[in-house]
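Undergrad:
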Amino acid sequence: MTHYGKALLATAFFALTACQSASKPDSTAAVSHDPETDQCGASQYQNYIGQPPSSLDTQRFAMPVRAIPWNGAVTMDFNLRRLNFTADQSGKISRVYCG
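Below you can see the structure in the form of structure tokens.
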């Protein structure tokens, strides 16, 4: 192999390794139990994941709550004491978090 061929091979190797991306965090993982990030108590409501947002209709919450439909518009204000239930394309709750 010529000097240029080896250089080209090394360049291609480095280019491919640079294209690797970090793994995406699991969105279904349990919410942190850190009091700083779980001020709304979202860790207690992870059992709603996979259920329809209508399952929240009979519940009473001591904090502000948002049920966010797929592709729904919401305000961009951030409130760690507000409980958010986000639905996916299939209409099931896919994420429960504070914010």
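Sequential numbering of the sequence shown, starting at 19, is according to our numbering.
Where a beta carbon is used, it is the ideal one built from N, C-alpha and C, also for glycine.
Given this structure, state the Cα-to-Cα distance separating Ala48 from Ser73, to the nearest angstrom.
TA: The residue you call residue 48 lines up with position 30 of the sequence shown. The residue you call residue 73 lines up with position 55 of the sequence shown. Residue placement at Ala48 is poorly supported in this model, since its pLDDT is 46, which falls under 50; the coordinates still yield a value, given next. Their Cα atoms are separated by approximately 19 Å.
Undergrad: Have a look at Arg100, Ser112, Gln107 and flag the residue whose alpha-carbon is nearest the alpha-carbon of Asp56.
TA: Working through the sequence shown from its first residue, we reach residue 56 at position 38. Here the closest residue by C-alpha is Arg100.
Undergrad: Given that a residue counts as buried once 16 or more other Cβ atoms are within 10 Å of its Cβ, and exposed if not, what is Val114?
TA: To locate residue 114, count along the sequence shown from 1; it is residue 96. Per the 10 Å Cβ criterion, buried.
Undergrad: Round the Cβ separation of Gly117 and Trp88 to the nearest angstrom and send it over; I've been treating them as touching at under 8 Å.
TA: As a working mapping, residue 117 is identified with position 99 in the sequence shown. As a working mapping, residue 88 is identified with position 70 in the sequence shown. Their Cβ separation, rounded to whole angstroms, is 17 Å, which puts Gly117 and Trp88 out of contact at 8 Å.
Undergrad: Please go through the same chain and pick out, in chain order, the residues whose beta-carbon is closer than 6 Å to the beta-carbon of Arg84, but skip the five residues on each side of it.
TA: Residue mapping note: residue 84 aligns to position 66 of the sequence shown, counting from 1. Here the set comprises Asn102.
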